[in-house]
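Residue numbers (our numbering): 1321 to 1641.
Yeah, the Cβ is synthetic: ideal placement off N, Cα and C, and Gly gets one too.
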């Protein structure tokens, strides 16, 4: 796919500046957080020029410092994310993708917003603070599917910088549907988020009628069963507008959330795969509790193992002819 579109000097400078500021704030947050636990009552009394500092006041100062540290660290993290966005390269030309191996990630722009935040980390607060890698929910998701090929997505028109995760490409002409249809046809794997927005609904129906092998389509379900139900209704309505010679619409299965929902950070609640006759299989993922995950690295390994089991056949897909 090449190196992507060259970044402007302004984007690079902005990205570097935001990254530096963000990391400085994160470092300050870590120092404050550690200091809140390490500094003794005598140390605080010395710094505050109050040798008679009492325990109640000391505890309040420690709590306030820890809260400020968490806020400073989180602000720094968000600034680092924006810095990475400004330094992210986009696809130079979507027309150049067919003939290369890529994964097409289709979703609504509303999903972009939901997955643009970092997941909370498992484990104790100190371990979480020190092990955070700065990935957004979308980055966690795309990191996995990147094993099938470089993941690309249509970028939001007019956004100042692309979201982190899939490499964005931008449709410049009015006929975005023709562009997306061609991308679906040439993708090694199509990963589509089941949200009831007009664009996503059209993309799913188009994928059903365009993809040669049903195994190349993976449908993601995030969290809201009502959204998924609305999606099923909308795709049936969209399919009814197609010509009678088109393929029949797969009967999408029912979906109910798994109670209790302990892990709201997992980017995939369930997914649907299809066999060669378009028969769907829905797999729901049990929440990853903090005791099971322990650290962010172990959580990633557990999530990868579960996805590998469900997508074993997709991993064996041959390259497109």
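Could you tell me the distance, in whole angstroms, from the CA atom of residue i to the CA atom of residue j?
| i | j | result |
| --- | --- | --- |
| residue 1493 | residue 1622 | 42 Å |
| residue 1445 | residue 1500 | Note that residue 1445 scores a pLDDT of 43, beneath 50, so its modelled location is shaky and nothing firm can be said. |
| residue 1633 | residue 1639 | 13 Å |
| residue 1498 | residue 1531 | 14 Å |
| residue 1624 | residue 1563 | 40 Å |
| residue 1490 | residue 1591 | 27 Å |
| residue 1434 | residue 1384 | 30 Å |
| residue 1524 | residue 1337 | 40 Å |
| residue 1536 | residue 1401 | 31 Å |
| residue 1382 | residue 1618 | 31 Å |
| residue 1334 | residue 1405 | 10 Å |
| residue 1527 | residue 1597 | 15 Å |
| residue 1479 | residue 1496 | 17 Å |
| residue 1374 | residue 1351 | 23 Å |
| residue 1477 | residue 1365 | 55 Å |
| residue 1395 | residue 1347 | 11 Å |
| residue 1467 | residue 1629 | 14 Å |
| residue 1504 | residue 1392 | 43 Å |
| residue 1353 | residue 1379 | 14 Å |
| residue 1332 | residue 1432 | 23 Å |
| residue 1560 | residue 1529 | 13 Å |
| residue 1551 | residue 1595 | 21 Å |
| residue 1362 | residue 1626 | 51 Å |
Can you list, in chain order, the residues of its chain with a C-beta nearer than 6 Å to that of residue i? Leave out the 5 residues immediately preceding and following it.
| i | result |
| --- | --- |
| residue 1471 | 1423, 1425, 1462, 1465, 1486 |
| residue 1469 | 1421, 1422, 1423, 1508 |
| residue 1341 | 1399 |
| residue 1427 | 1513 |
| residue 1450 | Reliability of the predicted coordinates at residue 1450 is poor, the pLDDT of 40 falling under 50, and the value obtained from them is presented with this limitation in mind. Answer for residue 1450: no residue qualifies. |
Excluding the 5 residues preceding and the 5 following residue i in the sequence, name in chain order all residues of the same chain whose CB lies nearer than 7 Å to its CB.
| i | result |
| --- | --- |
| residue 1418 | 1502, 1506 |
| residue 1548 | 1514, 1541, 1575 |
| residue 1484 | 1401, 1404, 1405, 1408, 1456, 1458, 1459 |
| residue 1436 | 1456, 1458, 1483 |
Taking the CB atoms as reference points, tell me whether residue i and residue j lie closer together than 8 Å.
| i | j | result |
| --- | --- | --- |
| residue 1473 | residue 1457 | no |
| residue 1430 | residue 1515 | yes |
| residue 1416 | residue 1389 | no |
| residue 1577 | residue 1545 | yes |
Tell me, to the nearest whole angstrom, how far the beta carbon of residue i is from that of residue j; I am working on the premise that it is less than 8 Å.
| i | j | result |
| --- | --- | --- |
| residue 1593 | residue 1538 | 6 Å |
| residue 1386 | residue 1412 | Not confirmed; about 46 Å, so no contact. |
| residue 1360 | residue 1482 | Not really, about 47 Å apart at Cβ, beyond 8 Å. |
| residue 1567 | residue 1589 | With a Cβ gap of about 27 Å, residue 1567 and residue 1589 do not count as contacting. |
| residue 1558 | residue 1521 | 5 Å |
| residue 1602 | residue 1641 | About 30 Å; that fails the 8 Å criterion. |
| residue 1475 | residue 1410 | 7 Å |
Closer than 8 Å by C-beta to residue i: which residues in its own chain qualify, once you throw out the five before and the five after it? Chain order, please.
| i | result |
| --- | --- |
| residue 1599 | 1570 |
What residues are listed by DSSP as bridge partners for residue i?
| i | result |
| --- | --- |
| residue 1604 | 1590 |
| residue 1425 | 1511 |
| residue 1539 | 1512, 1592 |
| residue 1504 | None, per the DSSP bridge assignment. |
| residue 1474 | 1489 |
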